[in-house]
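Below is one structure, written out as structure tokens, with a few remarks after it.
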């Protein structure tokens, strides 16, 4: 089973990536020098990877936190956000249900 984190939660990681995604698609002017942004394959793929990774990181963080509970990254404010804490509880419930199903199958 897979639980998608709430959009408002994963958008807190790399928040500027949404803006850059939109700029690349619209070929807007660069904020640095007013030149048109050239949407290269590499730039587009990089943005897509970051969009995917931020969602995956939130999903994986629940289990990673159990493996390395003292890691400094878990002190980031996002992991104390009520939305994250709710997501974490739901993820743990699903993990327990899946574990129970696997036990029954064996």
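In full-length UniProt numbering, the protein residues as written are 1 to 106. Backbone N, C-alpha and C define an ideal beta-carbon position, used for all residues, glycine too. Fair warning: this is a prediction, and the values are worked out from it, not measured in the lab.
Within a Cβ cutoff of 6 Å, which residues of the same chain sit near residue 50, ignoring the five residues on either side of it in sequence?
What you label residue 50 is simply residue 50 of the chain shown in a count that begins at 1. Around residue 50: 14 and 17.
Alpha-carbon spacing of residue 42 relative to residue 24, whole angstroms:
Here residue 42 refers to the residue found at position 42 of the chain shown. Here residue 24 refers to the residue found at position 24 of the chain shown. When rounded, the distance between both Cα atoms is 11 Å.
With residue 44 as the anchor, note down where its alpha helix (DSSP H) starts and where it stops.
Working through the chain shown from its first residue, we reach residue 44 at position 44. First-last of the alpha helix (DSSP H) with residue 44: 41-67.
Reduced DSSP secondary structure (H/G/I, E/B, other) of residue 25:
In the chain shown, the residue the question calls residue 25 occupies position 25. In this structure, residue 25 counts as helix in the three-state DSSP scheme.
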